[in-house]
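In the UniProt record's numbering, the protein residues as written are 1 to 204.
Below is one structure; the comments refer to it alone.
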C-alpha cells in the first residue's frame, strides 16, 4: 500500500519508499512500482516526474492526460519547487552554497552520470547545512535542485567530496539505504491555480 499525502480529482501526491521504482522497469520482474500500485485504486493515475529507485519521498501523479500535461508543463517551466534532505559522508565546510556542474550519462557505466564540461547539460543544485554529527562524521543538508537532471543531487554532492550516505554508485560506503529523501513539493493546482504545498519527514 502506498501512502498518499494528498489526493483529489486532479492529482495525487504519494510517498515513495526507498528501493521501489517510480515507473515499471524493462524486465518482467521489475513491473512493481509506485504508479502501478496507485493505478489499482486510481486507474487514471499517470506519472509526472520520477525519483531514483534508492530515493524515498514525495512523488506527484496526475489523474488523466490533461492534468499530466498541465503538471508536466510546470516542471518544464521550473515552477515546481522541490526540496530534499540528505545525509552526507564527512563534515561539509560552510553553511550554504551551490554546485553548478554540467552532467551527462556515463554510457559504459549507465545509469551512472558524470560531469562533462563540453557535452553535459547544465545542472544547478543549492545546498544548506541543517546540522553536523561530529562523532559520526556526517552532515545533514537540505538540497534544492534548480534543474532536474538524472542523479543530479547524488553526483553534485559526490563532486564536492561528500557523497550521500549509502550511495556506493558515487563513492560512499555501503549502508542500509541511500540517505536521500524528497521532503517538500510546492506547485500550483492545475485546476484552481491555488498553491499546493506538501511535506514529508525522512526516516533517517
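Beta carbons: idealized from backbone N, C-alpha and C, even for Gly.
Pairwise C-alpha distance: residue j and residue i
| i | j | result |
| --- | --- | --- |
| residue 155 | residue 104 | 11 Å |
| residue 202 | residue 182 | 8 Å |
| residue 83 | residue 30 | 28 Å |
| residue 141 | residue 179 | 11 Å |
| residue 153 | residue 143 | 7 Å |
| residue 70 | residue 59 | 16 Å |
| residue 149 | residue 52 | 11 Å |
| residue 124 | residue 27 | 33 Å |
| residue 116 | residue 163 | 18 Å |
| residue 192 | residue 146 | 25 Å |
| residue 15 | residue 106 | 29 Å |
| residue 100 | residue 131 | 23 Å |
| residue 90 | residue 204 | 16 Å |
| residue 127 | residue 184 | 14 Å |
| residue 112 | residue 92 | 23 Å |
| residue 110 | residue 9 | 37 Å |
| residue 119 | residue 157 | 20 Å |
Cut-off 8 Å between Cβ atoms - residues of its own chain near residue i, not counting five sequence neighbours on either side
| i | result |
| --- | --- |
| residue 35 | 22, 23, 24, 45, 46, 47 and 61 |
| residue 187 | 60, 71, 74, 79, 80, 81, 195 and 196 |
| residue 6 | 12, 13, 196 and 198 |
| residue 96 | 126, 127, 128 and 129 |
Cβ-based burial, residue i [other Cβ within 10 Å; buried from 16]
| i | result |
| --- | --- |
| residue 139 | buried |
| residue 65 | exposed |
| residue 98 | exposed |
| residue 40 | exposed |
| residue 85 | buried |
| residue 1 | exposed |
| residue 135 | exposed |
| residue 94 | exposed |
| residue 167 | buried |
| residue 172 | buried |
| residue 57 | buried |
According to DSSP, residues forming a beta bridge with residue i
| i | result |
| --- | --- |
| residue 103 | 115 and 121 |
| residue 6 | 13 |
| residue 185 | 82 and 198 |
| residue 180 | 86 |
Residue i: CB within 7 Å of a non-hydrogen atom of the ligand ATP
| i | result |
| --- | --- |
| residue 200 | This structure does not include the ligand ATP; it has no bound ligands of any sort. |
Cut-off 7 Å between Cβ atoms - residues of its own chain near residue i, not counting five sequence neighbours on either side
| i | result |
| --- | --- |
| residue 38 | 2, 12, 14, 45 and 61 |
| residue 42 | 12 and 63 |
Exercise for review: Identify every run of the alpha helix (DSSP H) within the UniProt domain "Pseudouridine synthase RsuA/RluA-like" (11-159), keeping only runs that are complete inside it and at least 4 residues long; order them along the chain.
Suggested key: 34-41, 65-76 and 152-159
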